[in-house]
Each structure stands twice: as C-alpha cells, then as structure tokens.
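Asker: If you count by the numbering used here, then the sequence shown holds residues 6 to 554, one letter each, in order. The beta carbon of each residue, even a glycine, is placed where N, CA and C say it ideally should be. Since we're looking at a predicted model, the values are computed, not measured. This is the structure I want to talk about, given as structure tokens.
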Amino acid sequence: MGDIEKEQFKEWEGKTEAFIKKHPERKDFFETSSNIPIDRLYMPNEMDEAYIEKLNYPGEYPFTRGIQPTMYRGRLWSMRQYAGFSTAEESNKRYKYLLEQGQTGLSVAFDLPTQIGYDSDDPHAKGEIGKVGVAIDSLKDMEILFQDIPLDKVSTSMTINAPASILLAMYIAVAEKQGVAPEQLSGTIQNDILKEYIARGTYIYPPKPSMRLITNIFEYCANYLPKWNTISISGYHIREAGSTAVQEVAFTLANAIAYVESALEAGLEIDEFAPRLAFFFNAHNQFFEEIAKFRAARRLWAKIMKERFHAKKEKSLQLRFHTQTAGSTLTAQQPDNNVVRVAIQALAAILGGTQSLHTNSRDEALALPTQDSARIALRTQQIIAYETGVTDTIDPLGGSYYIEALTDQIEKEVEEYLNIIDEMGGAVTAIEQGFIQREIHKAAYQYQRDIEAEKQWIVGLNSFKITDETKPELLRVDPSVAKLQEQKLKELRDSRDNEAIAIRLAALKQAAETDENVMPFIVEAVKAYATIGEIANVLREVFGIYQPS
6 MGDIEKEQFK EWEGKTEAFI KKHPERKDFF ETSSNIPIDR LYMPNEMDEA YIEKLNYPGE
66 YPFTRGIQPT MYRGRLWSMR QYAGFSTAEE SNKRYKYLLE QGQTGLSVAF DLPTQIGYDS
126 DDPHAKGEIG KVGVAIDSLK DMEILFQDIP LDKVSTSMTI NAPASILLAM YIAVAEKQGV
186 APEQLSGTIQ NDILKEYIAR GTYIYPPKPS MRLITNIFEY CANYLPKWNT ISISGYHIRE
246 AGSTAVQEVA FTLANAIAYV ESALEAGLEI DEFAPRLAFF FNAHNQFFEE IAKFRAARRL
306 WAKIMKERFH AKKEKSLQLR FHTQTAGSTL TAQQPDNNVV RVAIQALAAI LGGTQSLHTN
366 SRDEALALPT QDSARIALRT QQIIAYETGV TDTIDPLGGS YYIEALTDQI EKEVEEYLNI
426 IDEMGGAVTA IEQGFIQREI HKAAYQYQRD IEAEKQWIVG LNSFKITDET KPELLRVDPS
486 VAKLQEQKLK ELRDSRDNEA IAIRLAALKQ AAETDENVMP FIVEAVKAYA TIGEIANVLR
546 EVFGIYQPS
C-alpha cells in the first residue's frame, strides 16, 4: 500500500472511531443481520485462486453463480404476484387483471379456513372467511377461480400446506374440465408442513402422517404430473418469524433433508423426485447479505444432494427457488416507504439468481393490497427487468471480495447448524424438541429489542417520524362473503350425488388406514364434489390432530 493510500486509510479509520464514540449503539452498522462481522474493506489476497476455482460457470456444479448457463439473458424470472381474497369470483377478476398487466404466473393465497381444512360453514371458520385469501370449499369454487384462465399456458403456485393434496386434486380436476391433461400442468404447491410446526401454525395432522401425505404427492406427481413442483420448501416463513439469514437457510435445508429422507424411506428413487423439489426464500433488507445467502444456499444444496444423497441427475442438484420480499419489514407508518424497501429487496433476489419473484405491495402492513398497490408492486419487477440492465450479465457481483467472503461465511455457519441438527436426529426431532423454534425466538427477541433501543433504525417507525400522516385507502373484504359461501355449500350439498360422495370418502378412509397412496382417492372424492372439510375430516379421523407440546 502506498503512502497516499495509508494516509487515506488512517483518515478513514479516525472518522470511523469518532463515529462509534458518538454513536456507541450503532455498532450494528458493521455486522450483518446474522451477526457476521463486516470488514472495512475487502481486498485481493491469497484466497483469489480458491475463489476463482469455486466460482466456476453459471449452470455448472455447484451452481453458486446460477442454475442456468444463460440465466436472465435467456429467460427472465417468473413475475408471480401472490393474490387471493374474498370469493373465487373476486380473486378470478384480480388474476385476470394481473395477467393483463404483464404478470407471467399466478400465485394463489387461500383464506385461513381453507389452509387448515375447514369448510366455510364450519364453526371453526367463523370470522376468517375470505380474509387473508380466497375461500375454497369445493371443486365448484376452484372452477370459478380459474374460469377463462388456460391452465396449459399459465404456471400456478398455491400456498397451501396441510391440505395441499386436496387443493392439488382440485387443480387437476379443473384442468381436466378444461381439456388439459395432468402432464401439461406446470406450477408448485408449497406442501411444506415442517415449517408450519416451526413458524406458521397452519398444521392439521401430526408430523408422521403429514410426511406420508407429502411423499404420496411426490410419488403421484412423478407418475402423472412430471412438470409440477411437488414441494416449495420454505425459508420465507422462518424468516418472517424472526430468524436471521443464516438460520433461514439452515433450517430450510434441514427440512429439505428430512423430506428427501422420508421419500427414500418410502421407496422412491432420489432422481425420480428430486428434480421437482423447489424452494421459497425471503428477500430482506440487508442487500449484500441477501445476495450472498442465495448463492450459499445454492452451493450447499448441490453438495448435499451429490455427496449425501448421491443424486446423479444434474437437475436433482439444482436449487430452484421462488422469492418473496419481506412482509415483516413493511411498516404501517409512512407506507409509501415500503415501495422503496420492496424494490431493494427485489433487486437482491434478482442479483441472487431467483427463478420466480413476488413483490409485496406498499399497503400490506395495513390490509390486503388494493389493485393500484398490486400494480405498482408488479411494475417494480418490470422496471428492474427492462430498465436497469441488471439482467444483461450473469451473476454480476460474482467475484466481489465482499460477496464471496459473505457467501463463504454464510455457508460455514449454515453447515454448523446442519451438523447440530444431524446430531439431534434430524429436523423432525429438532422441531419436536423445540430447538429450531427456540433459535428463531432468540433471534426475533434480540431484533425487537434492538428496534426498541433504536440500535436498529426503521425509517418512519423509530426514526424520521412524521405526525401529520395521511393513511391510504385500504381494501376491505365484504363481511357478507361468509353468508355467500355458506349458501354455495348448501346448494352444492343439495345438488350433488351424496351417495357417491359417501362411497369415495369411505374408500379414502380405507386407503389412509393402510400404506396405500391416498392421492388417487382424494382426486376421485374431489371430482364428485366432496368438500375440503369433508376430505380433511376423514384424514383427521384416521391420522389425528397435532397438539403442540
């Protein structure tokens, strides 16, 4: 280093020390959200050759730089806005609007009763119908939801877990009515029950039968829906519950390992189902850490599949993922600031190599997004895609000393967590013992304390506040939705062949009591217009209901 550079460093160091003395509480400026220390400067060193060796090319193992050789130069990510509210009729209108505005895939949000397998007229559903997503009680609702939307041309993602098999069966039945064969369908069901026990809470059955349902779906789709992603293993909700970036990757991969082991124990071959595994990650505020997180996750999964499970197909080694910007970072205060947050988070996901992206709307800390807010969120992706030039080259930050150091450090810390979970007996045991939940709770508690102590600044919340704020116009769900759904159910039960329903539900129960794959029986029950609650209740009777300890 020359004399001029030394003087500049000395001056910079003095300013840094002065800043820390003035703001001792702001030392978190110099570490990531996962408490990884950030050096003042990253320079060339003896690791250069190792970095170059590890980087490889995009589309090559271990896929640090992306799973496709051309990435966005060949094809942009899917712009898939998560939407659903009120009735199937209202949600169908929103889907058509978003497709007209340039959205390239659908992502369905279901209301809480649907997510936990209750019909809209069930007492457990009271007060929640159509609130956080669309109410789906039967195939009739599903037919309306996708009316005039060609399912052979649109990829659909469904955020559904405990009753994933039922909603997938409904989707297959709707497609059949459109004349679309199962092998033509493309899309994803979340189907990730382990993170429900960890972070989200929309479980129905205990872990063991829940894992059986998941492997039944793996097997069924391998035979009949070759283009369907059978699971979206979710770190998103783990992060929303308060985890760090490292914990998000570690616990997601631990769950993924458990799903793979469960499928292998059920007799499936690794390369039969692994190519259709997908992941779902959060894009948070710490820009560079998020980019490094995605790169580290891709590299780790490739190694796990190759070295631990001996997968042979290249697609089995590739971590394909959808990203959603971080709902937990949105503020009810000064909601227009959320547009900026979402844009930065979306850019991090894109620079990290996501295959699919949802951008949150500015008003989601207050209510379901209005149509205008949903359009702005979609336009955010389109501006990044078509105006910024970030898609012109692949992995543009690859080789950055900072990015590569962060990628390595995240990989190292994730491996440490995975070793601990392996020693405990795997993710299911770690969940049952509360280890994963405790780790997330500790991280969330510390983050909240930092906000309250103003060590972590949230613009508009604990800093740069205003008092004369005007609240935006919000979307309100009509409370008459509940009565409408109840009326639909009454008409359905009066008009369908209830004897055929009873026969098909009895066949499902018998299959559930054995080791038989239940998916074909669920499909047949759905086609006869059995409701989600009727099917889930049969499985509740056989499998029981999960009670957290």
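Could you spell out where the alpha helix (DSSP H) holding Thr434 opens and where it closes?
Answerer: Residues 432-437.
Asker: Is the Cβ-Cβ distance between Thr109 and Met76 less than 8 Å?
Answerer: no
Asker: DSSP three-state label for Gln492, please.
Answerer: helix
Asker: Touch check for the region 192-199 and the region 168-176: three-plus C-beta pairs under 8 Å?
Answerer: yes
Asker: Do Val531 and Ala279 count as a contact pair if the criterion is CB distance below 8 Å?
Answerer: No, they are not a contact pair.
Asker: Which of the three DSSP states is assigned to Tyr202 in this structure?
Answerer: helix
Asker: Report the three-state DSSP secondary structure of Gln227 (helix, strand or coil).
Answerer: Before going further, note that residue 227 is Ala rather than Gln in the sequence given. Of the three classes helix, strand and coil, the one that applies to Ala227 here is helix, per DSSP.
Asker: Which residue marks the beginning of the beta strand (DSSP E) containing Phe288, and which one marks its end?
Answerer: One detail in the question is off: residue 288 reads as Ala in this sequence, not Phe. Segment 282-288, the beta strand (DSSP E) holding Ala288.
Asker: Whose C-beta lies closer than 8 Å to the C-beta of Leu489 among residues of the same chain, with five residues either side of it excluded?
Answerer: Thr92
Asker: Starting from the Cα of Ala227, find the closest Cα among Pro214, Leu273, Ala88, Glu491 and give me that residue.
Answerer: Leu273
Asker: Are Gln360 and His327 closer than 8 Å when you measure CB to CB?
Answerer: yes
Asker: Report buried or exposed for Thr220, applying the criterion of at least 16 other Cβ atoms within 10 angstroms of its Cβ.
Answerer: Here Thr220 is buried: its Cβ has 16 or more other Cβ atoms, across all protein chains shown, within 10 Å.
Asker: When the cut-off is 8 Å and only beta carbons count, does Ser361 lie next to chain D?
Answerer: Given the protein chain composition of this structure (a single chain), no chain D is represented.
Asker: At the level of alpha carbons, what is the spacing between Tyr450 and Lys182?
Answerer: Rounded to whole angstroms, Tyr450 and Lys182 show a C-alpha spacing of 50 Å.
Asker: Can the beta-carbon of Ala372 be found less than 8 Å from the beta-carbon of Leu466?
Answerer: Going by C-beta atoms, Ala372 is not nearer than 8 Å to Leu466.
Asker: Among all the DSSP beta bridges, which residues are the ones paired with Met633?
Answerer: Since the displayed the chain opens at 6 and closes at 554, residue 633 lies outside it and no answer follows.
Asker: Using the Cβ count rule (16 or more neighbours within 10 Å means buried), how would you classify Ser500?
Answerer: Ser500 sits exposed, since fewer than 16 C-beta atoms from the chains shown fall within 10 Å of its C-beta.
Asker: Out of Ala268, Phe293, Arg244, Leu218, which has the shortest C-alpha to C-alpha gap to Phe285?
Answerer: Arg244
Asker: Since Ser468 and Glu294 should fall inside the 8 Å C-beta cutoff, what is the C-beta to C-beta distance between them, to a whole number of angstroms?
Answerer: So it is not a contact: roughly 21 Å between Cβ atoms.
Asker: Does the region 401-418 touch the region 297-316, meaning 3 or more C-beta pairs lie closer than 8 Å?
Answerer: The region 297-316 makes contact with the region 401-418, as at least three CB pairs between them are under 8 Å.
Asker: In this structure, what does DSSP give as the bridge partners for Trp82?
Answerer: Paired residue(s): none; Trp82 is not in a bridge.
Asker: Report the partner residues of Leu362 according to the DSSP bridge assignment.
Answerer: Met84, Thr328
Asker: Taking three-plus beta-carbon pairs below 8 Å as touching, is the region 517-530 in contact with the region 149-169?
Answerer: no
Asker: Do you know offhand how far Asn40's Cα is from Gly357's?
Answerer: 20 Å
Asker: Which same chain residues end up closer than 6 Å to Ala204 when comparing Cβ atoms and leaving out the 5 residues on each side of it in sequence?
Answerer: His242, Ile243, Ala246
Asker: Taking 8 Å as the cut-off, does the region 114-126 touch the region 524-543 (at least 3 CB pairs, one atom from each stretch)?
Answerer: yes
Asker: Residue range of the alpha helix (DSSP H) that Ile388 falls in?
Answerer: 376-392
Asker: Check Ser500 in the structure and name its three-state DSSP category.
Answerer: helix
Asker: By how many angstroms is the C-alpha of Ser237 removed from the C-alpha of Ile194?
Answerer: Rounded to whole angstroms, the separation of the alpha carbons of Ser237 and Ile194 is 6 Å.
Asker: Which residue from Ile456, Glu65, Thr69 puts its Cα closest to that of Lys298?
Answerer: Nearest neighbour of Lys298 by Cα position, chosen from Ile456, Glu65, Thr69, turns out to be Thr69.
Asker: Rounded to a whole number of angstroms, what is the C-alpha to C-alpha distance between Val345 and Leu230?
Answerer: Note on geometry: alpha-carbon atoms of Val345 and Leu230 lie some 39 Å from one another.
Asker: Could you spell out the range, first to last residue, of the beta strand (DSSP E) harbouring Ser333?
Answerer: Annotation for Ser333: no beta strand (DSSP E) segment contains it, and DSSP assigns it neither H nor E.
Asker: Quick one, are the C-beta atoms of Asn287 and Ala259 less than 8 Å apart?
Answerer: no
Asker: With which residues is Glu36 paired in a DSSP beta bridge?
Answerer: Pro42
Asker: Could you tell me the distance, in whole angstroms, from the CA atom of Tyr100 to the CA atom of Pro374?
Answerer: 13 Å
Asker: Can you tell which of Thr119, Glu428, Arg384 has the C-alpha that lies nearest to the C-alpha of Val139?
Answerer: Comparing Cα positions, the closest option is Thr119.
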